[in-house]
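Numbered as in my numbering, the sequence shown ends at 351 without a single skipped number.
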Amino acid sequence: MMQDASRPDRAELNWIDAPSPNFDERKLPVSIIVLHYTGMKTAEEAIERLRDPKFGVSSHYLVAEDGQIVRLVDEAKRAWHAGKSHWRGVTDVNSASVGIEIVNPGHEFGYRPFPDEQMDSVVRLTADIKQRYGITRGNVVGHSDIAPARKQDPGELFPWGLLARLRLALPRPTKGLMDPGWSDAGFLLALERFGYEVTDGLAATVAFQRRFRPELIDGTIDAECRMLLLALLLPKPQGDD
């Protein structure tokens, strides 16, 4: 059963070190956590790729399906996991983030739900990082949120609701608001204000749906999308912490 991670004990975070040479120096303080899936057939293949200088990609951590955490890059360094990306005005997301790769074959190789053992470690690791850096819930994001035109991970099966219940990510708003009646252009303007890059409006809409309405990902800006986004933009008494 998933344990409460609202007050994580760092001593419970045990990892294996498998250093990657793919990193450089940060240029920004850490303010974002980016969650990915590996999108490869096995954990071994993913770790090999993330440590291979030929490919020039890495992450700070990888979480296997059995819950084992692998540390690849020290958090003080800039891992290369985000690529060309954007979130809430930050364009060098690699410099401003800690990247967590979650082992899953992804949409190309047989996308499947994330096991409880794996999510237990993801929750504890995310809670620990969030607490230490004072990261807001709105800055715990998926790869598809920061690069909607290129990426779709961690995907519609990722249990964002679990993280939201533990105050580690923004919850899906409950219904009850009236449709603000925005035009499609107005919706995209509001989506940009929330944090997304909207140069490719369809991709941004799909990414928003994948995160906040995963049961219907069609790229159509409808009344439910408008109401969900309005609720996310409204001031909240407890803020975005």
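Note that CB positions come from ideal geometry on N, CA and C, so glycine has one too. Remember, predicted model here, so these are calculated numbers, not experimental data.
Collapsed DSSP secondary structure at residue i in the structure displayed
| i | result |
| --- | --- |
| residue 196 | coil |
| residue 224 | coil |
| residue 329 | coil |
| residue 247 | helix |
| residue 113 | Note that residue 113 scores 36 on pLDDT, short of 50, meaning its location in the model is unreliable and no value can be drawn from it. |
| residue 181 | strand |
| residue 236 | helix |
| residue 230 | helix |
| residue 166 | coil |
| residue 140 | coil |
| residue 334 | helix |
| residue 241 | helix |
| residue 267 | coil |
| residue 339 | helix |
| residue 344 | coil |
| residue 203 | helix |
| residue 307 | coil |
| residue 122 | helix |
Segment limits, beta strand (DSSP E) that includes residue i
| i | result |
| --- | --- |
| residue 134 | 133 to 135 |
| residue 125 | 125 to 127 |
| residue 207 | 207 to 212 |
| residue 188 | 187 to 189 |
The alpha helix (DSSP H) enclosing residue i, as first and last residue numbers
| i | result |
| --- | --- |
| residue 314 | 311 to 322 |
| residue 303 | 294 to 304 |
| residue 216 | 216 to 219 |
| residue 153 | 153 to 160 |
| residue 271 | 270 to 275 |
Contact belief for residue i with residue j at Cβ below 8 Å, rounded distance in angstroms
| i | j | result |
| --- | --- | --- |
| residue 252 | residue 321 | 6 Å |
| residue 341 | residue 290 | Contact flag wrong, Cβ pair sits at about 10 Å. |
| residue 276 | residue 250 | The pair is not a contact, with the Cβ atoms about 11 Å apart (cut-off 8 Å). |
| residue 314 | residue 301 | 6 Å |
| residue 182 | residue 168 | 6 Å |
| residue 190 | residue 166 | 6 Å |
| residue 128 | residue 180 | 5 Å |
| residue 255 | residue 306 | 7 Å |
| residue 133 | residue 187 | 4 Å |
| residue 185 | residue 196 | With 8 Å as the limit, residue 185 and residue 196 do not qualify as a contact, their Cβ atoms being about 22 Å apart. |
| residue 86 | residue 142 | Past the edges of the chain, shown from 111 to 351, lies residue 86, and the structure says nothing about it. |
| residue 280 | residue 247 | 5 Å |
Beta-bridge partners of residue i, as assigned by DSSP
| i | result |
| --- | --- |
| residue 145 | 210 and 252 |
| residue 172 | 180 and 211 |
Are the segment 243 to 262 and the segment 144 to 156 in contact at 8 Å, needing three or more beta carbon pairs? yes
Three or more C-beta pairs closer than 8 Å, one from the segment 295 to 312 and one from the segment 211 to 230: is that the case here? no
When you compare the segment 267 to 282 with the segment 198 to 207, are there three or more beta-carbon pairs, one atom per stretch, that lie closer than 8 Å? no
Counting pairs of beta carbons, one from the segment 170 to 180 and one from the segment 206 to 217, are three or more of them closer than 8 Å? yes
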